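Chains as they are written, first to last, in the working numbering: chain Z, 1 to 227; chain R, 228 to 1054.
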Ligand SMILES: Nc1ncnc2c1ncn2[C@@H]1O[C@H](COP(=O)(O)OP(=O)(O)O)[C@@H](O)[C@H]1O
Ligand SMILES: [Mg+2]
């Protein structure tokens, strides 16, 4: 599915240079479930942003589905991204002014999909994550777990091949965290590639492979033995 | 405590530089506009209040209601009313005086000048107080060979020398006399409706041959002012004015039945009300007067500009109030009461208003000279004047309150617990809605002002470019050809002018376009049974008149030397008892009034009209011309006839095709070589006609300035709101971008947010502006088509939208281009 080769990211701010990623080489197959772990500030989010094409690498190559996208323009990246990649954030990042269904629909809004079909797909995915009875609610009226379910629904409503989740359980209690993990697992079993950043070893266990980052380097890659 | 408030207030001002700048600039401009309009209004209201007996001075106005025509009010009355008023109202009327302005030829040593002087009665000194700087005014006005002049006139002709005792020779009509300068008075203040540079005593015997000036009841040529006796009521006079008219004025012989007061009505007007009288006549004052509608309109507009600035103030304050929620919460936790907080925030807004005022005053000081030029006044901004201080103080309090009350109530109402816990405050949807309503209001005002500017300017353009029915270009009028000293030589003069290479034709006439003169004559039309009389406007013209003005004939022919009967018979020289006959050219409106079906059918019809000396003649209609707007573009078309008679030929109309200035100087040298005792004077016809619409031109300029200010201030506010919104919506925009929204999608989203209020504003502004401007247009007999409002409204809406987009577009693009992860990383 994707391949990072010698990929580095350097942030320059007022004379301070931070090397967030340093010659990273990672390959992720289609249909994989990968967890990324590591201490705070080691570059996990940076890695996920680059993989999600929200940011571009300073050097190195990023081959996504056979295309080297490392030097693509923002518009081009945006186009590839909206076709293929869904996002789940730690802080949910729902739009407060939009209802649950409108938030989910947002992921289809920029896809040239007719309204009736958007409607149908939103309904379907709401059923899937069990949030249909809250369709008209506003995010502020939902619990954290419910909000994250909306976010999951939004990430998959466009039939994205890959979901990137940055600490999706970080703001949730363990019961709700578990719920979200099970949803991700179910999605993975249906064939969606999932890349997830987490601090919880228990949640990392849902993944088949764990990549440990430290100070911008990949230190270990553990493949979980098939259970 | 207080120190703390001030510190917080000032720090807030500095911290939010953009908001502060927008508020202060907006308020400064709004306040400056209000201050200048206030100075203007106070000046307009001060007219003629300075006379020591201002409250008892009245003027006699005359209203004519000729049958079949709109009544017209004149600000003058007949000469004999002076004595008649005193006799008829002995208990009520104190002193009466007349002012009759005349253009005289003034000879000083061997130089001749043309000047306007006022002939007046000795009672003038009893009614008005003049500041006499030299000589004796009372004595001067009691002597028919003395002249009182003002300081400017004295300086112009006598420099620094003492003018008292000097003599000048004045000639007007058949009067020619040496006048001794008997008094010099200070120039009249600008805020009086009186204006003249010199006064001479009315000696009616000097004008015995010009009965219409002072002696006759059929002509109104005098401003008649009188004082009301102590204890008398003006109502007593008003209620008996009809009886007064009936006693003194004879009903015209041609009108059967009725009373004089049906045709001629008098009214009194306090001198203090003349300047701004909304119902009075427009013309005929000694100098142009003001207009209550203008005063009210521009006061309202200045108020609206300030309102727009206050709305910015209010909107930005509520918008950023969320950012101050923590401060409020902490103050509350520390024990501040709601009232204290309200006072604190109100204090802050008053402080901002005060700073705005300081800049506003600077603006006034800078712009006042230009404004003075524009309104032709010498307004001074005197801070220490109690009234001014009071008004300024009031403005600050009002502005401070308007801008501060709502935010103060919102802010002080925050619940500290929720604010501190959530570490932010969700803004209530109510205040966001109010903000939108206020933005709608701002743009509605701006759009309405743009539409009004367009209509006023359009009407001005329309009126000045309207086809008057004759060719007004390349046409000039040489004046004074009716003066003694010029009369005998005018035919020879005309012949020489015609021979100039650049001159194509020349014609004499009694009047020239837009002169404001009104001369009417009764015409009797025979009918199947009996006859009918109509009052018709009269011009006296010569053979070349229609040719020179290039007037189209609908039927018949112009006057020609080949037809002896074309010349109007003269009642004074005609044989006793002879049947008098002549030919006549009339316009289309006259034809309709006579009841003739078509121009063709009118040719050959016979009507009767007086030809002087009490005699009348039969006129055969030989020509019908289209309605030419000769009298004034502001008046309805009137029925008119053009008589071929050498009477009152005071204008030589010259059609030319060369360079205007060259031709004028050639004509001038011919004049000077032939006529030495009358000064040369001329006008271009198109310029005279354009001058009629100078008021509209000025109004449209002023409106354009105000509309511009309104738009700029409203957009400043919009800019502030846009940057606030962008700040507030960064997270949302980030999410949308992650979901695949392009820069264009985001820009469109943000533009739409600000287009909505502007589009709504159109719906509010259009009907209001259309209603206002349609009723304004009703004052013009010739006006632009009502449908012009449609494109104008659309255009104004488009302009407002474009400006709004330009204002928020840059900001929106910047926000849309920013990287979404910056917005989403931190919470
Ligand atoms: N936009 C940025 N500008 C400057 N430095 C950044 C930026 N984003 C991340 N960093 C720095 O890069 C390093 C990696 O950050 P991040 O990827 O967010 O870490 P993690 O998600 O693993 O906690 C950190 O040192 C962080 O301070
Ligand atoms: Mg992170």
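Cβ atoms here follow ideal geometry from the backbone N, Cα and C, with glycine treated the same way.
Predicted, not measured: the structure shown is a model, and the values here were computed from it.
Reference residue i, options the options, closest by Cα
i, options, result
"residue 1048/R", "23/Z, 42/Z, 26/Z, 53/Z", "53/Z"
"residue 795/R", "781/R, 804/R, 765/R", "765/R"
"residue 741/R", "926/R, 915/R, 629/R, 676/R", "915/R"
"residue 274/R", "436/R, 421/R, 520/R", "421/R"
"residue 747/R", "759/R, 763/R, 738/R, 734/R", "763/R"
"residue 334/R", "396/R, 374/R, 378/R", "396/R"
"residue 637/R", "998/R, 620/R, 661/R", "661/R"
"residue 986/R", "355/R, 832/R, 675/R, 933/R", "675/R"
"residue 488/R", "520/R, 377/R, 298/R", "298/R"
"residue 840/R", "804/R, 832/R, 633/R, 906/R", "804/R"
"residue 359/R", "785/R, 375/R, 345/R", "375/R"
"residue 220/Z", "121/Z, 26/Z, 13/Z", "26/Z"
"residue 101/Z", "126/Z, 203/Z, 82/Z", "126/Z"
"residue 607/R", "879/R, 997/R, 588/R", "588/R"
"residue 690/R", "924/R, 311/R, 1044/R", "924/R"
"residue 303/R", "289/R, 315/R, 293/R, 313/R", "289/R"
"residue 578/R", "565/R, 815/R, 1040/R, 236/R", "236/R"
"residue 558/R", "641/R, 980/R, 728/R, 974/R", "641/R"
"residue 478/R", "291/R, 1018/R, 797/R, 268/R", "291/R"
Assumed close pair residue i, residue j - CB separation to whole angstroms, cut-off 8 Å
i, j, result
"residue 440/R", "residue 327/R", "6 Å"
"residue 493/R", "residue 471/R", "7 Å"
"residue 44/Z", "residue 36/Z", "5 Å"
"residue 692/R", "residue 253/R", "The Cβ separation is near 38 Å, so there is no contact."
"residue 817/R", "residue 868/R", "6 Å"
"residue 283/R", "residue 356/R", "Contact doesn't hold; Cβ gap of about 13 Å is too wide."
"residue 783/R", "residue 830/R", "5 Å"
"residue 28/Z", "residue 2/Z", "5 Å"
"residue 779/R", "residue 852/R", "7 Å"
Host beta strand (DSSP E) of residue i (start-end)
i, result
"residue 88/Z", "85-88"
"residue 703/R", "702-705"
"residue 22/Z", "16-28"
Boundaries of the alpha helix (DSSP H) in which residue i is found, first to last residue
i, result
"residue 826/R", "826-829"
"residue 138/Z", "From DSSP, residue 138/Z is part of no alpha helix (DSSP H); its letter is neither H nor E."
"residue 475/R", "461-475"
"residue 965/R", "957-965"
"residue 792/R", "Note, residue 792/R: premise wrong, no alpha helix (DSSP H); not H, not E."
"residue 1013/R", "Premise fails: residue 1013/R is in no alpha helix (DSSP H) and is neither H nor E."
Beta carbon of residue i nearer than 7 Å to that of residue j
i, j, result
"residue 230/Z", "residue 129/Z", "What is shown of chain Z runs 1 to 227, which leaves residue 230/Z out entirely."
"residue 34/Z", "residue 4/Z", "no"
"residue 919/R", "residue 517/R", "no"
"residue 680/R", "residue 934/R", "yes"
"residue 222/Z", "residue 150/Z", "no"
"residue 808/R", "residue 756/R", "no"
"residue 769/R", "residue 791/R", "no"
"residue 536/R", "residue 257/R", "yes"
"residue 89/Z", "residue 155/Z", "no"
"residue 586/R", "residue 264/R", "no"
"residue 350/R", "residue 463/R", "no"
"residue 325/R", "residue 353/R", "no"
"residue 836/R", "residue 724/R", "no"
Any chain A beta carbon closer than 7 Å to residue i
i, result
"residue 131/Z", "No chain A is part of this structure, whose protein chains are labelled Z and R."
Contact residues within the stretch 1038-1051 of chain R, judged by C-beta distance below 8 Å to chain Z: 1046, 1047, 1048, 1051
Under 9 Å (Cβ pairs) to chain Z, residues found in the stretch 957-980 of chain R: 958, 959, 961, 962, 963, 964, 965, 966, 967, 968, 969, 970, 972
Contact set between the stretch 52-68 of chain Z and chain R, restricted to residues whose Cβ is under 7 Å from the partner: 54, 55
Interface positions of the stretch 140-163 of chain Z facing chain R (Cβ-Cβ less than 9 Å), listed along the chain: 140, 154, 158
Contacting positions in the stretch 101-120 of chain Z - beta carbon closer than 9 Å to chain R: 103, 106, 107, 108, 109, 110, 111
Residues within the stretch 70-87 of chain Z neighbouring chain R, beta-carbon criterion of under 7 Å: 75, 78, 81, 82, 87
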